[in-house]
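Report on the following structure.
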Amino acid sequence: MQKKHIMENIHINIVVAFAEGNRCIGKDNQMPGWKLPVDMRRFKELTEGHVVIMGRKTFESFPPKYRPLPNRINIIISRNKNYVPEMNGAEPAEVCICGSLGDAILLGTEKAKGQKLFIIGGGEIYKQAFDSLSVLIDTVYATVVKGEFEGDTFFPELSPLDWHRVKVESFLRDEKNSHDCEIQKWIRTEILH
Ligand SMILES: NC(=O)c1ccc[n+]([C@@H]2O[C@H](COP(=O)([O-])OP(=O)(O)OC[C@H]3O[C@@H](n4cnc5c(N)ncnc54)[C@H](OP(=O)(O)O)[C@@H]3O)[C@@H](O)[C@H]2O)c1
696 MQKKHIMENI HINIVVAFAE GNRCIGKDNQ MPGWKLPVDM RRFKELTEGH
746 VVIMGRKTFE SFPPKYRPLP NRINIIISRN KNYVPEMNGA EPAEVCICGS
796 LGDAILLGTE KAKGQKLFII GGGEIYKQAF DSLSVLIDTV YATVVKGEFE
846 GDTFFPELSP LDWHRVKVES FLRDEKNSHD CEIQKWIRTE ILH
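Per my numbering, the sequence shown starts with residue 696, numbered consecutively.
Structure representation (structure tokens):
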């Protein structure tokens, strides 16, 4: 009963930007070769004021001045019990280390208190989330970048049986944005009924 109650309170959102051609999300612990301020703005708008969960490598992939991500509770997943993240003056309560994705989600739900919970990557963490916790994921916010990119990290396929695309906004490349892209919102089919 208690477990059912806890599960009902967990609502996970996923944010990602991936290449349409090969679902690439990263290369050498950096983003693939696109420059998309439109995507960065969307990421900030979605996640600011909320709780973000990420793998240790994703945390370390951010430029130093964005570690931890400001105005968000940062939960970092690492098997290293002694991991000490950069704090850059953040309050200790704003940065937490968890030893598993499950623990991170429980802690994130507790800390969210009406705010939203976002898993923001990277490849290992997305894969574990879809493999073992997909029934707890409500929404996927995906920036789909036109083209195929070289990389070493990828985003899982979303089964059309389980996921329904509810929104798409298209953006054309311009002097600031290096590629055409679509900002998509997907909802788990089960919660639409
Ligand atoms: N395009 C996008 O939207 C996007 C978003 C995020 C990241 N990225 C890219 O993705 C890449 C990073 O992804 P990644 O797959 O290499 O790494 P990651 O998922 O960010 O982090 C992997 C690390 O998380 C920890 N971890 C993973 N599973 C765990 C578990 N079950 N229990 C405890 N700790 C666990 C481990 O940390 P320890 O080694 O410390 O134990 C592991 O090395 C980078 O290229 C980044 O730029 C892209």
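Positions of the beta carbon are idealized from the N, C-alpha and C atoms, including for glycine.
**Message:** Let me confirm a value: His888 is counted as buried when at least 16 other C-beta atoms fall within 10 Å, else exposed. Which label applies?
**Reply:** exposed
**Prompt:** From Ile771 to Leu828, what distance separates their C-alpha atoms?
**Reply:** 18 Å
**Prompt:** Which of the three DSSP states, helix, strand or coil, is assigned to Glu908?
**Reply:** Outside the shown range of the chain, which is 696 to 888, sits residue 908, and nothing can be said about it.
**Message:** Once the 5 residues before and after Met696 are set aside, which same chain residues still bring their CB inside 8 Å of it?
**Reply:** Here Met696 scores only 47 on pLDDT, less than 50, and its place in the model should not be relied on; the value that follows carries that caveat. If we look at Met696 and ignore the five residues flanking it on each side, it has no Cβ neighbours.
**Request:** Note down the Cα distance separating Asp734 from Ser865, rounded to an integer number of angstroms.
**Result:** 11 Å
**Request:** Please work out which residues of its chain come closer than 7 Å, Cβ to Cβ, to Thr804, disregarding the five sequence neighbours upstream and downstream, and give them in chain order.
**Result:** Asn704, Ile705 and Leu812
**Item:** Cβ shell of Thr884 (< 6 Å), same chain only, five flanking positions each side left out
**Value:** Asp857 and His859
**Prompt:** Below 7 Å between beta carbons: does that hold for Pro763 and Val790?
**Reply:** yes
**Request:** Output the distance between the C-alpha atoms of Gly846 and Asn783, rounded to the nearest integer angstrom.
**Result:** 30 Å
**Message:** Does the distance between the C-beta of Ala712 and the nearest non-hydrogen atom of ligand 1 fall short of 6 Å?
**Reply:** yes
**Item:** Length of the line joining the Cα atoms of Gln823 and Pro855
**Value:** 19 Å
**Message:** Under DSSP, the beta strand (DSSP E) around Glu877 begins and ends at which residues?
**Reply:** Cys876 to Arg883
**Message:** Just to confirm the assignment: which complete alpha helix (DSSP H) runs, minimum length 4, are found wholly within the segment 717-781?
**Reply:** 732-742 and 751-756
**Request:** State yes or no: is the C-beta of Pro732 within less than 7 Å of the C-beta of Cys719?
**Result:** no
**Prompt:** Whose C-alpha, out of Lys760, Arg774, Ile792 and Lys722, is nearest the C-alpha of Ile748?
**Reply:** Ile792
**Prompt:** So the alpha helix (DSSP H) Ser827 belongs to, where does it begin and stop?
**Reply:** Gly818 to Ser827
**Item:** Unbroken alpha helix (DSSP H) run spanning Ala903, endpoints
**Value:** Absent from the structure is residue 903, since the part of the chain shown begins at 696 and ends at 888.
**Message:** Comparing C-alpha positions only, which one of His700, Ile701, Met702 and Ala712 sits nearest to Lys880?
**Reply:** Ala712
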